[in-house]
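To convert, take the position in the sequence shown, counting from 1, and add 74; that gives the working numbering. To keep things clear, I will list the structure first and then write my remarks on it.
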Amino acid sequence: MSQNTPIVQAFERLQQTFQLGKTRTYAWRKSQLEALQRLLTENEQAFCNALAEDLGKSQSEAFTTEIGFLLSDIKHTKKHLKQWMKPVRVSTPIVAQPGRSFIQPEPLGTVLIIGAWNYPVQLSLAPYIAALAAGNCALLKPSELSPASSALMASLVPRYLDGDAISVIEGGKEEAAELLTLPFDHIFYTGGDRVGKIVMQAAANHLTPVTLELGGKSPCIIDSETDLAVSARRVVWGKWTNAGQTCIAPDYLLVERSVTREFLLLLEQEIARQFGTQPLTSKDYGRIVNRTHFDRLRGYLQQQNVVMGGQVDESSLRIAPTVVLNPDIDSPVMQEEIFGPVMPLLEVSSVQEAFDFVKRRPKPLAAYLFSHRQSVQQQIVGEVSAGSICINDVMMFMANPELPFGGTGFSGMGRYHGKFGFDTFSHHKSVMKRSFWFDVAIRYAPSSARKRYLLKKLL
Numbered sequence: 075m076s077q078n079t080p081i082v083q084a085f086e087r088l089q090q091t092f093q094l095g096k097t098r099t100y101a102w103r104k105s106q107l108e109a110l111q112r113l114l115t116e117n118e119q120a121f122c123n124a125l126a127e128d129l130g131k132s133q134s135e136a137f138t139t140e141i142g143f144l145l146s147d148i149k150h151t152k153k154h155l156k157q158w159m160k161p162v163r164v165s166t167p168i169v170a171q172p173g174r175s176f177i178q179p180e181p182l183g184t185v186l187i188i189g190a191w192n193y194p195v196q197l198s199l200a201p202y203i204a205a206l207a208a209g210n211c212a213l214l215k216p217s218e219l220s221p222a223s224s225a226l227m228a229s230l231v232p233r234y235l236d237g238d239a240i241s242v243i244e245g246g247k248e249e250a251a252e253l254l255t256l257p258f259d260h261i262f263y264t265g266g267d268r269v270g271k272i273v274m275q276a277a278a279n280h281l282t283p284v285t286l287e288l289g290g291k292s293p294c295i296i297d298s299e300t301d302l303a304v305s306a307r308r309v310v311w312g313k314w315t316n317a318g319q320t321c322i323a324p325d326y327l328l329v330e331r332s333v334t335r336e337f338l339l340l341l342e343q344e345i346a347r348q349f350g351t352q353p354l355t356s357k358d359y360g361r362i363v364n365r366t367h368f369d370r371l372r373g374y375l376q377q378q379n380v381v382m383g384g385q386v387d388e389s390s391l392r393i394a395p396t397v398v399l400n401p402d403i404d405s406p407v408m409q410e411e412i413f414g415p416v417m418p419l420l421e422v423s424s425v426q427e428a429f430d431f432v433k434r435r436p437k438p439l440a441a442y443l444f445s446h447r448q449s450v451q452q453q454i455v456g457e458v459s460a461g462s463i464c465i466n467d468v469m470m471f472m473a474n475p476e477l478p479f480g481g482t483g484f485s486g487m488g489r490y491h492g493k494f495g496f497d498t499f500s501h502h503k504s505v506m507k508r509s510f511w512f513d514v515a516i517r518y519a520p521s522s523a524r525k526r527y528l529l530k531k532l533l
């Protein structure tokens with residue numbers, strides 16, 4: 075840290091604040107959570123406007139998936155924080171008696187949070203909530219691809235929260251690269267695997283632990299024995315919310331061949347019900363974040379059997395909800411995370427074939443199954459490895475703060491939400507406290523056969 079840049083100055087200020095110990099108290103943590111709560115409620119319309127500018131989100135979608143989600147997270151955290159902070163008593167073995175043992179959560183120190191552009195407010199501030207609750211100083215780097223949301227957070231956070239302990243740094247690759255040279259106590263990154271590898275490599279220089287919330291191709295299996303109408307309704311909601319730019323959206327469908335035709339018809343009807351017959355002009359349908367991603371997504375449609383949608387509007391960067399039938403599994407649409415409104419549908423002869431297909435591929439962030447059959451439901455839980463499993467719905471596990479959220483394998487590492495976020499940003503310190511009385515001599519030299527005999531009995 076030889077160069078005294080604004081980023082280094084911000085980092086050193088946070089480090090100095092942490093050393094003072096002010097962030098460790100329950101009162102400080104609660105006050106920061108309440109300040110963040112006020113920030114969101116008093117500026118709800120400003121956030122909705124920023125999200126509309128960045129991603130074309132409707133006001134309802136902006137509140138439900140971003141502002142409301144965060145307010146619910148804060149409420150849950152405030153309710154349980156005092157309990158989470160308490161030491162946890164554990165048993166003490168006889169060899170260490172008389173004594174008592176406990177685990178004391180303590181903050182890690184100064185942490186870096188790198189947000190994502192697709193849910194730029196939620197995916198920046200939800201880790202912030204966890205970091206503050208755990209008593210850390212935190213530096214936030216919002217995504218430059220959602221500039222309106224980034225600028226709003228940079229403006230509001232210093233006005234509401236403790237500027238000595240919390241900072242927001244805007245910028246692009248250069249700023250991110252400089253941040254990654256600093257010895258943070260934890261790095262929390264949400265985004266793609268390519269940058270995730272860069273973050274992990276940089277963190278290794280300081281042996282900094284990381285949480286990587288990545289993505290992958292989340293499968294959605296449609297059993298012939300299911301409620302096809304409700305399944306279609308929920309798939310349409312989950313896939314085309316935020317124009318498909320959701321890391322846990324169903325990435326592709328695996329549908330039993332016997333119901334493919336009926337399911338396609340139901341999908342088409344449900345898209346019309348939720349977004350109208352002209353979804354490109356729907357106020358409830360978002361747009362692609364920028365031209366680069368728009369061109370990438372449009373490229374997926376080349377030489378594909380588009381059976382639904384496919385319309386584009388270059389001026390507004392919108393692509394209609396689109397389904398491609400039975401694409402080549404080696405084509406880009408089946409090899410890359412789509413992160414947009416294009417849905418491949420692959421026909422399978424059985425649910426078992428679908429399970430086999432999923433298990434041969436990298437572990438996804440989420441996996442979905444629609445089925446009435448208990449045996450099939452048990453099978454996906456027992457056989458499919460994924461960050462989260464959701465049966466007979468999509469994405470709704472995010473609404474439960476008692477469930478951890480995070481990936482496995484290629485879809486990431488680490489977890490958060492609720493207490494799991496508190497734990498991620500805490501060190502769980504082992505403490506043993508012993509008495510001076512009853513100081514048995516068997517562990518001290520000189521050794522003897524009698525002492526060894528007693529030790530074998532005690533250990």
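Ideal placement from N, C-alpha and C gives every residue a C-beta, glycine not left out. Values in this document were obtained by computation on a predicted structure and should not be read as measured data.
For residue i: DSSP bridge partner residues
| i | result |
| --- | --- |
| Q178 | K503 |
| R508 | G173 |
| I296 | V329, F444 |
| F262 | I187, T285 |
| R392 | D387 |
| Y490 | F479 |
| I465 | L443 |
Whole-Å CB distance - residue i paired with residue j, under 8 Å assumed
| i | j | result |
| --- | --- | --- |
| I465 | L443 | 5 Å |
| W191 | S229 | Not a contact, Cβ separation roughly 18 Å. |
| D128 | R308 | The Cβ separation is near 26 Å, so there is no contact. |
| N210 | F499 | 6 Å |
| G318 | G414 | 5 Å |
| L439 | L328 | Not quite, the Cβ-Cβ distance comes to about 17 Å (not below 8 Å), so this is no contact. |
| V333 | I296 | 7 Å |
| K215 | L155 | Actually they do not touch by this definition, with Cβ atoms about 25 Å apart. |
| G461 | G492 | With 8 Å as the limit, G461 and G492 do not qualify as a contact, their Cβ atoms being about 16 Å apart. |
| S241 | P194 | Contact flag wrong, Cβ pair sits at about 17 Å. |
| S292 | A251 | The pair is not a contact, with the Cβ atoms about 30 Å apart (cut-off 8 Å). |
| D358 | S132 | 5 Å |
| I177 | S504 | 6 Å |
For residue i, the three-state DSSP class (helix, strand or coil)
| i | result |
| --- | --- |
| L33 | No answer is possible for residue 33: it lies beyond the span of the chain, which begins at 75 and ends at 533. |
| A460 | coil |
| M75 | Because M75 sits at a pLDDT of 48, beneath the cut-off of 50, its placement in the model cannot be relied upon, and the following sentence gives the value as read from the coordinates. Here M75 sits in coil by DSSP. |
| M408 | helix |
| E421 | strand |
| A228 | helix |
| L213 | strand |
| S198 | helix |
| I240 | strand |
| V397 | strand |
| V380 | strand |
| V416 | strand |
| A250 | helix |
| I403 | coil |
| Y193 | coil |
| G373 | helix |
| L529 | helix |
| I81 | helix |
| L206 | helix |
| S522 | coil |
| S485 | helix |
Close beta carbons around residue i, own chain, < 7 Å, minus the five adjacent residues each side
| i | result |
| --- | --- |
| R87 | D238 |
| F494 | P478 |
| N379 | V398, L399, N400 |
| L340 | L302, A303, A306 |
| S424 | E330 |
| E336 | L302 |
Contact set for residue i: own chain, Cβ-Cβ below 6 Å, skip 5 residues either direction
| i | result |
| --- | --- |
| L256 | F85 |
| G183 | F92, D259 |
| F262 | I187, P201, T285 |
| V397 | V381, M382, M417, L419 |
| W314 | P395, P415 |
| N316 | G360 |
| S175 | V164, T166, M506 |
| K19 | The structure shown does not extend to residue 19, since the chain spans only 75 to 533, so no value can be given for it. |
Below-8 Å beta-carbon distance, residue i vs any chain B residue
| i | result |
| --- | --- |
| S224 | In the structure shown, chain B does not exist; there is a single protein chain. |
Close beta carbons around residue i, own chain, < 8 Å, minus the five adjacent residues each side
| i | result |
| --- | --- |
| G483 | P436, K437, S459 |
| I203 | L107, L110, L144, D147, I148, T151, G495 |
| S509 | P172, G173 |
| G266 | L288, G289, E411 |
| F512 | Q171, P172 |
| Y100 | L155, K156, M159 |
**Request:** Kindly provide the ranges of any beta strand (DSSP E) runs that are 3 or more residues long and lie completely inside the stretch 83-165, ordered along the chain.
**Result:** 162-164
**Request:** Would you mind listing the alpha helix (DSSP H) stretches within the stretch 300-359 that are 4+ residues and don't spill past its ends, in chain order?
**Result:** 302-314, 334-349
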